[in-house]
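Colleague:
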Amino acid sequence: MDAVDELLSIRAAELYYEENLTQEEIGRNLQITRWKVGRLLTQAKEEGFVRIEILHSRARRPQLERRLRDERGLADAVVVSRAGVRSEDELQQRVAQAAADYLAGLRPSPGVLGVSWGRTLSDIAHHLRDGWSRATDVVQINGGVSMSQRPGTAAATAVSIAQKGGGTAALLPSPAILEQRATKEAIEADRVVARVRDAARSANAYLFSAGAADHGSVHVDSGYLTTADIDRLVAAGAVGDVVGRYIDADGRIVDADLDARTVGLSLDDLRRADIAIAAITGSSKRAIAAAVVASRLCTVLITDESTARHLLDE
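With the UniProt record's numbering, letter number 249 in the sequence shown gets 249, and the count goes up by one each step, no holes.
1) Which class does Thr-42 belong to by DSSP, given the choice of helix, strand or coil?
2) Using a 10 Å radius around the Cβ and a threshold of 16 neighbouring Cβ atoms, would you call Asp-123 buried or exposed?
3) Of all the options Asn-20, Ser-133 and Asp-198, which has the alpha carbon lying nearest to the alpha carbon of Gln-140?
4) Tell me the start and end of each unbroken beta strand (DSSP E) in the region 101-131 that is at least 3 residues and wholly inside, in chain order.
5) CB-CB under 6 Å to Ala-135, same chain, minus the five flanking residues each way: which ones, in chain order?
6) Using alpha carbons as the reference points, say which of Asp-248, Gly-251, Ala-210 and Asp-255 lies closest to Asp-229.
7) Measuring only the C-alpha atoms, how far is Lys-36 from Phe-49?
8) Please give the ranges of any beta strand (DSSP E) in the region 197-283, keeping only runs that are unbroken, at least 3 residues long and fully inside the region.
9) If we call anything under 9 Å between Cβ atoms a contact, is Leu-312 one with Glu-71?
10) In whole angstroms, what separates the C-alpha of Leu-172 from that of Asp-241?
11) Give the single residue among Asp-130, Ser-81, Glu-90 and Asp-89 whose Cα lies nearest to the Cα of Ala-104.
12) Once the 5 residues before and after Ala-59 are set aside, which same chain residues still bring their CB inside 6 Å of it?
13) Got a sec, what are the start and stop residues for the beta strand (DSSP E) Thr-22 sits in?
14) Just checking Leu-301 against the ligand ZN - is the residue's beta carbon closer than 8 Å to any of the ligand's heavy atoms?
15) For Leu-7, count the other beta carbons within 10 Å of its own beta carbon; 16 or more makes it buried, fewer makes it exposed. Which is it?
16) Taking C-beta to C-beta, are residue 316 and Ala-13 nearer than 9 Å?
17) In whole angstroms, give me the CA-to-CA distance for Ala-158 and Ala-273.
18) Inspect the beta-carbon positions of Arg-119 and Val-218 and report whether they are closer than 9 Å.
19) So, at 6 Å on beta carbons, what are the nonlocal neighbours of Ser-116 in its own chain, with the 5 sequence-adjacent residues on each side left out?
20) At the level of alpha carbons, what is the spacing between Ile-277 and Ala-182?
21) Look up Gln-140 in the DSSP assignment and say whether it is helix, strand or coil.
22) Just the C-alpha distance for Ala-100 and Leu-106, rounded to the nearest angstrom, thanks.
23) Just reading off the alpha helix (DSSP H) that Thr-183 is part of, what are its end residues?
24) Are Ala-162 and Ala-169 closer than 9 Å when you measure CB to CB?
25) Under a Cβ-count criterion, where at least 16 other Cβ atoms within 10 Å of its own Cβ denotes burial, should Glu-90 be classed as buried or exposed?
26) DSSP on Val-193, reduced to helix/strand/coil?
27) For Ile-280 and Val-239, what's the separation of their Cα atoms in angstroms?
28) For the candidate residues Asp-231, Lys-164, Gly-211 and Asp-257, whose alpha-carbon lies nearest to that of Glu-185?
29) Can you tell me where the beta strand (DSSP E) with Thr-303 in it begins and where it stops?
30) Roughly how many angstroms separate the alpha carbons of Arg-191 and Lys-164, rounded to a whole number?
31) Whole-angstrom Cβ separation of Asp-250 and Ala-291, contact assumed at under 8 Å?
32) According to DSSP, simplified to helix, strand and coil, what is Pro-151?
33) Would you kindly work out how many angstroms separate the C-alpha atoms of Gly-216 and Arg-286, rounded to a whole number?
This is how it looks when you write it as structure tokens:
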């Protein structure tokens, strides 16, 4: 674009977007054809002179979604806008709402949905509307009985999603992490627990989040791990956890003994799934989001635009 066209494109954009003139009116004002006005407006966007931002809590970034699908091998992606976001909590609510919308839009609705637990899943359950599905049963895919008194526990999350989806909830009556491997093996051998785990493995779709490997982990809050445990896992290369299983940047388990004491689906179970939806957001979770995508733990990623750009820039 030469200097004359550049100035014309800027002026045309000002008249079109700020003065609300029609292309015909702009043509008369600048003494050019309506066809050239249209070309100048297109050039203004292509050159970056104009940036259009949709300021709504449910606004998405289609270009980033397309790049994630094409460049990171995802079946689908949802990227929410950060425009107007004033806090990390507000961003988390946007992603949770987007995940609830995506789940409600699945066709056909899953007959059995496997869910993890934690703050993000609790928020998704809150945002799901009543009747999001007519008959979806929900099964818990990792242990969640804990000492935490905070709202949004594993059982409450699974039951809420099931009730709103016209189905029943099958809970996994076990802690997420046991102190002894033998105790974990005995619990998983229990008939009731085994039945729930079998149901989890046969789910039509999975919905889960991921946690950062830091002292704010729900596993610390729930009493499963200490801050010293987290420091040790980080030193071993952990970037976060998926369904309670701590992994490094390549998706590998960092502590075999801890993993052997963790109750629930394995990471390979998730990798075999046709639909595995991961909702991950926030600056502290960029490393675990990258590990989840790189190691094929999800087929669908729901995230914010900053995290999406980080994944694409890696």
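Quick reminder that beta carbons are idealized off the backbone N, C-alpha and C, glycines included.
Modeller: Based on what the coordinates show:
1) helix
2) Classification of Asp-123: buried, given that the 10 Å Cβ count is 16 or more.
3) Considering only alpha carbons, the answer is Asp-198.
4) Here the runs fully enclosed are 112-115.
5) Gly-166 and Gly-167
6) Asp-255
7) 17 Å
8) 205-208, 240-242, 245-247 and 276-279
9) In contact: Leu-312 and Glu-71 (Cβ atoms closer than 9 Å).
10) 19 Å
11) Asp-130
12) Ser-81
13) Note, Thr-22: premise wrong, no beta strand (DSSP E); not H, not E.
14) Absent from the structure shown: the ligand ZN. Ligands present: none.
15) exposed
16) Coverage of the chain is limited to positions 1 through 314, which leaves residue 316 absent and any answer about it impossible.
17) 19 Å
18) Arg-119 places its beta carbon less than 9 Å from that of Val-218.
19) Ile-141, Asn-142, Phe-208 and Val-243
20) 32 Å
21) strand
22) 10 Å
23) 181-189
24) yes
25) The Cβ neighbour count for Glu-90, taken over all protein chains shown within 10 Å, is under 16; the residue is labelled exposed.
26) DSSP places Val-193 in the helix class (H, G or I) of the three-state scheme.
27) 13 Å
28) It is Asp-257.
29) 300-304
30) When rounded, the distance between both Cα atoms is 28 Å.
31) 7 Å
32) Caution applies to Pro-151, whose pLDDT of 49 falls short of 50 and renders its modelled position unreliable; the value that the coordinates give is listed next. DSSP places Pro-151 in coil when its eight states are reduced to three.
33) 15 Å
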